[in-house]
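Trainee: Below is the structure I would like to discuss, written out as structure tokens.
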Amino acid sequence: MLSNQWLQNKSFIQWRLFPSEEDNLYWEKFIQDNPHFQDEIEEAIRILKSIKLNTQKLSPEEKQEIFALIQKNIEKKDKQRHLRLYLTVSAVACIVLFLVLLQPLFIGKNEISHKNMLVVADTTSVNQKDIQLVLANNRTITFEEDADIKYDKKGGITANTGIEQIKVSKEATKETTLNTLIVPKGKRSSLTLADGSKVWVNSGSTLKFPSTFKTDKREIWVDGEIYIEVEKNKAHPFYVNTSHMIINVVGTQFNVTAYDEDTDYSVVLVEGCVDVSIDKEKARLLPNQMLSVSTDQISVKKIDVNNYISWKEGYLQFASEPLSNILKRLSRYYDTPIDCDNSIAQLKCNGKLVLFDNIEDVMKTIYNTIPIQYSHEAGRILVRKK
């Protein structure tokens, strides 16, 4: 029995959803008596774990409802055999990738022109393996693991990786010079600024910021992707600068995607209000809206913000997202070139995908969920239709 067939087994899924001592004993004995199934069962368990989110727990009522759906879907497996895996796994946690063929929505866009307004950082540093915090005095602190960094109101620094804690006194920083946080591909970091604002910095991104905010306005510079919760202070407005745009905010939560190497960039507003300036163009965003720019065209539309901010929790969420876009995000995150065959590039995907430490585990999850196959060739991952 293949791992995806175990995902069609009602007893197996019930055991994983509602583990009991009796079921644990049964499956332990089953594996002991049938060691040739052990690898397949472990793989099926890994797939189920990969589509569970630590940030969401199901109530007993929700679990019962899901199991009822599983039973219903399994009864249909002979009638819809080619969809067996998608139906079952999506019913288990409602967070799995599956293909949905949809016509792309047409969104009206207004023509704009722009030029680079500010180059914020030398992005060659993001190719390093470790997270780097370059202080105002040019001292560099490196972190092998994802780091949570906090600046206090006086400019003192505490950094916690979960393994070690590092403290830097105020004397090591300069108030008038910018600090630089460099997050390489395959890593994430979080930063609390001196004013209490919290920033999550995504893979392959660089953030420049002062140790303390001493002027009438608070200002940071970004190359890459961040999610930020700005501490409210009407007397000191907050500005996020990228090479493409300037975002003015009083107090709010939003996501910025603006890699210097990309021509597409966006702002997603979760809460509050922001004004976005691109050359002479200005736009005001309201909650659950996204401003996006592609090939010198600007558009504002209503969206599900979770599709754009889930990365900070360690997973990606999609809604009618082309497979090629998903693979592009994975390619950047893991610093691994991925080539997608044109025959499946525009297939629309819905669901959630956990960002494991290793891209191989992510590709296995996709492979076990949708009809694709992949191979490694000369340092690249080639994805094609199964």
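With UniProt numbering applied, the sequence shown has no gaps in its numbers, which climb one by one up to 386 at the end.
Where a beta carbon is used, it is the ideal one built from N, C-alpha and C, also for glycine.
For the beta strand (DSSP E) containing Tyr151, name the first residue and the last one.
Mentor: Counting along the chain, the beta strand (DSSP E) containing Tyr151 begins and ends at 147-151.
Trainee: Buried or exposed: which applies to Glu223, given that a residue is buried once 16 or more other Cβ atoms fall within 10 Å of its Cβ?
Mentor: Per the sequence presented here, residue 223 reads as Asp, with Glu not at that position. Buried: at least 16 other Cβ atoms inside 10 Å.
Trainee: So, Leu327 versus Cys340, is the Cβ gap smaller than 8 Å?
Mentor: Yes; because the gap between Cβ atoms is below 8 Å, this pair is in contact.
Trainee: Given 8 Å as the limit, is there contact between the stretch 207-217 and the stretch 234-245, that is, 3 or more CB pairs closer than that?
Mentor: Yes, the stretch 207-217 is in contact with the stretch 234-245.
Trainee: May I have the straight-line CA-CA distance separating Ser375 from Gln297, to the nearest angstrom?
Mentor: If I take the Cα positions, the gap works out to 36 Å.
Trainee: Once DSSP output is grouped into helix, strand and coil, what is the label at Met363?
Mentor: The answer is helix: DSSP assigns Met363 an H, G or I state.
Trainee: From the DSSP output, in three-state form, read off Phe213 for me.
Mentor: Here Phe213 sits in coil by DSSP.
Trainee: Taking the beta carbon of Ala378 as the centre, do at least 16 other beta carbons fall within 10 Å, making it buried, or is it exposed?
Mentor: Exposed, by the Cβ-count rule.
Trainee: Can you have a look at Asn350 and say buried or exposed, based on whether 16 or more other CB atoms are within 10 angstroms of its CB?
Mentor: So Asn350 ends up on the buried side.
Trainee: By Cβ distance, which residues of its chain are closer than 7 Å to Gln317, with the 5 residues on each side in sequence left out?
Mentor: Asn306, Asn307, Ser310, Lys352.
Trainee: Give me the Cα-Cα distance between Tyr259 and Ser205, rounded to the nearest whole angstrom.
Mentor: Computed Cα separation, rounded: 8 Å.
Trainee: Please classify Arg46: does DSSP put it in a helix, a strand, or coil?
Mentor: In this structure, Arg46 counts as helix in the three-state DSSP scheme.
Trainee: Roughly how many angstroms lie between the CA atoms of Thr158 and Tyr333, to the nearest whole one?
Mentor: The alpha-carbon atoms of Thr158 and Tyr333 are separated by roughly 26 Å.
Trainee: How would you call Thr263, buried or exposed, if buried means at least 16 neighbouring beta carbons within 10 angstroms?
Mentor: Exposed, by the Cβ-count rule.
Trainee: Under 8 Å Cβ to Cβ from Arg380, same chain only, skipping five residues before and after it: list those, please.
Mentor: Excluding residues within five positions, the ones whose Cβ falls inside 8 Å are Thr336, Pro337, Ile338, Asp339.
Trainee: Given a threshold of 16 other Cβ atoms within 10 Å of its Cβ, counted over all protein chains shown, does Thr140 qualify as buried or as exposed?
Mentor: Flag for Thr140 reads exposed.
Trainee: Ser211 and Val201 - do their beta-carbons sit closer together than 8 Å?
Mentor: No, these two residues do not count as a Cβ contact at 8 Å.
Trainee: State the start and end residues of the unbroken beta strand (DSSP E) segment that holds Tyr259.
Mentor: From DSSP, Tyr259 is part of no beta strand (DSSP E); its letter is neither H nor E.
Trainee: Going straight from the alpha carbon of Lys150 to that of Ser197, what length do you get?
Mentor: Using only the alpha carbons, I get a separation of about 10 Å.
Trainee: In three-state terms, what does DSSP make of Leu69?
Mentor: Caution applies to Leu69, whose pLDDT of 49 falls short of 50 and renders its modelled position unreliable; the value that the coordinates give is listed next. The answer is helix: DSSP assigns Leu69 an H, G or I state.
Trainee: Could you check what DSSP says for Phe12 in three-state terms: helix, strand or coil?
Mentor: Phe12: helix per DSSP, three-state reduction.
Trainee: Check the DSSP bridge columns for Leu269 and list the partner residues they point to.
Mentor: Looking at the DSSP assignment, Leu269 forms a beta bridge with Phe254, Gln289.
Trainee: Under the three-state reduction of DSSP, which class applies to Ser243: helix, strand or coil?
Mentor: Coil.
Trainee: So what does Asp275 bridge to, in DSSP terms?
Mentor: Per DSSP, Asn248, Arg284.
Trainee: Please go through the same chain and pick out, in chain order, the residues whose beta-carbon is closer than 8 Å to the beta-carbon of Tyr367, but skip the five residues on each side of it.
Mentor: Closer than 8 Å at Cβ, skipping near neighbours: Gln373, Tyr374.
Trainee: Any idea what DSSP makes of Asn325, helix, strand or coil?
Mentor: Helix, per DSSP.
Trainee: Taking the Cβ atom as the reference point for each residue, do Pro322 and Leu286 lie within a distance shorter than 8 Å?
Mentor: Cβ distance not < 8 Å, so Pro322 and Leu286 don't count as in contact.
Trainee: With respect to the beta strand (DSSP E) encompassing Leu382, which residues constitute its N-terminal and C-terminal limits?
Mentor: Per DSSP, Leu382 belongs to the beta strand (DSSP E) from 380-385.
Trainee: In whole angstroms, what is the alpha-carbon distance linking Thr192 and Gln128?
Mentor: Whole-angstrom Cα-Cα distance: 23 Å.
Trainee: Below 8 Å on the Cβ atoms is my contact criterion, and I expect Asn255 with Val268 to pass it. Report the Cβ-Cβ distance as a whole number of Å.
Mentor: About 4 Å separates the two Cβ atoms, so the contact holds.
Trainee: Is Glu225 helix, strand or coil when you go by DSSP?
Mentor: Glu225: strand per DSSP, three-state reduction.
Trainee: Rounded to whole angstroms, what is the Cα-Cα separation between Lys386 and Glu360?
Mentor: When rounded, the distance between both Cα atoms is 18 Å.
Trainee: For Thr32, count neighbouring C-beta atoms within 10 Å of its own C-beta (all shown protein chains included) and say buried if the count is 16 or more, exposed if not.
Mentor: First, the residue type needs correcting, since residue 32 is Gln and not Thr in the sequence shown. It is exposed - the Cβ of Gln32 has fewer than 16 other Cβ atoms within 10 Å.
Trainee: Assign Lys36 to one of two classes, buried (16 or more other C-beta atoms within 10 Å of its C-beta) or exposed (fewer than that).
Mentor: Here the sequence assigns His to residue 36, which means Lys is not the residue at that position. Burial call: exposed.
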